[in-house]
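Peer 1: Okay, handing you the structure first.
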Amino acid sequence: MPNLPDVVLWSIPAFVLLTVLEMVSYRFRPDEDEQGYSPRDTTTSLTMGLGSLLFDALWKIPIVAVYAALYEVTPFRVPVLWWTVPLMLLAQDFCYYWSHRGHHVVRILWACHVVHHSSKHYNLSTALRQPWTGATSWVFYVPLILAGVHPAALAFCSSANLVYQFWIHTERIDRLPRPVEYLFNTPSHHRVHHASQGGYLDRNFGGILIVFDRAFGSFTAETTRPVYGLTKNLDTFNPLRVATHEYASIAKDLAAADNWRDRLRHLTKGPGWQPVRPDRPEGNAA
């Protein structure tokens, strides 16, 4: 087994320190155009983050078991060397792009990911607002395991990707030099991703790199100031409701559906899909 560090665990002190520093920066250098921090919102984000550590540890048990079984049957092996780790990071980021994109366009996957978009604020604490049902991404990384990437190496790459994305959840950093903005995911690009305006919806899915968005037509540059949150925002700071509200909405739609075809579509279509009714065309939410 590769001897690789737990990147997320080692980064927790930095997460706390940088979040506190960003809070302080709003006190000494306020900006009326920026959302800043709200005590209740920040508390919810931190609670969601702490909860995700617990639930992720539980979800990892069956996922690691599946990965280990697949790794044993594949004939390929990718050694963990100084030159293979960057390639594995690149491959993991590619798979992350498609996982992230899938979690925006398939409703049952969105039910997990919507948690991360549920804040109307955009700051470093928002990066910690993570789902408690994070067992929906593993299938996107199966090709890496079958290609011979050790599950521990994949876990390291996934953790590095997650840690990278922490610092881009801020309004305190404007545009970076053009080469950086062209290649990497930056605060500017990720602010677009968290915006709820029509022209910004479902854009900029990259993790570390933004080049996959540019290649696959999902990139949008930041022009107007984003409005953060959901198209229909939550009216609660209750962590349990934040974690489960979309699943509850899906359950209601499944119960109200007239046939199994519509029930399947409620799970696999986009978050706003609704069946054809006399008073509205298919695909528009009520």
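Here my numbering = 1-based position in the sequence shown + 116. For every residue, glycine included, the Cβ atom is placed at its ideal position computed from N, Cα and C. Just so you know, these numbers come straight off a predicted model, no measurement behind them.
1. Alpha carbon to alpha carbon, how far is Asp122 from Phe272? Give it in angstroms, no decimals.
2. Which residues share a DSSP beta bridge with Phe353?
3. What alpha helix (DSSP H) runs, 4 residues minimum, are completely inside the region 258-301?
4. With DSSP as the reference, identify every bridge partner of Ala207, one or two as the case may be.
5. Under 8 Å between the Cβ atoms of Ser334 and Arg319?
6. Is any non-hydrogen atom of the ligand HEM found closer than 7 Å to the C-beta of Leu133, if you look at the structure I gave you?
7. Kindly indicate which residue of Val180, Phe321 and Ile128 has the alpha-carbon position closest to the one of His309.
8. Helix, strand or coil: which one does DSSP assign to Asp122?
9. Indicate whether Ile261 and Phe300 have their beta-carbon atoms separated by less than 8 Å.
10. Thinking C-beta only, is Ser234 closer than 8 Å to Leu346?
Peer 2: Result, derived from the coordinates:
1. The sequence position of residue 272 within the sequence shown is 156, counting from 1. The sequence position of residue 122 within the sequence shown is 6, counting from 1. For Phe272 and Asp122, the distance between alpha carbons rounds to 7 Å.
2. Taking the sequence shown and counting its residues from 1, the one referred to as residue 353 is at position 237. Its beta-bridge partners do not exist; DSSP assigns none.
3. 258-262, 267-282 and 294-299
4. Residue 207 sits at position 91 when you count from the first residue of the sequence shown. None, per the DSSP bridge assignment.
5. Taking the sequence shown and counting its residues from 1, the one referred to as residue 334 is at position 218. Taking the sequence shown and counting its residues from 1, the one referred to as residue 319 is at position 203. Yes, these two residues count as a Cβ contact at 8 Å.
6. The ligand HEM is not part of this structure, which contains no ligands at all.
7. For this step, residue 309 is matched to residue 193 along the sequence shown. Here the closest residue by C-alpha is Phe321.
8. Working through the sequence shown from its first residue, we reach residue 122 at position 6. Here Asp122 sits in coil by DSSP.
9. In the sequence shown, the residue the question calls residue 261 occupies position 145. In the sequence shown, the residue the question calls residue 300 occupies position 184. Result no, Cβ atoms of Ile261 and Phe300 do not sit closer than 8 Å.
10. In the sequence shown, residue 346 corresponds to position 230, counting from 1. In the sequence shown, residue 234 corresponds to position 118, counting from 1. Cβ distance < 8 Å, so Leu346 and Ser234 count as in contact.
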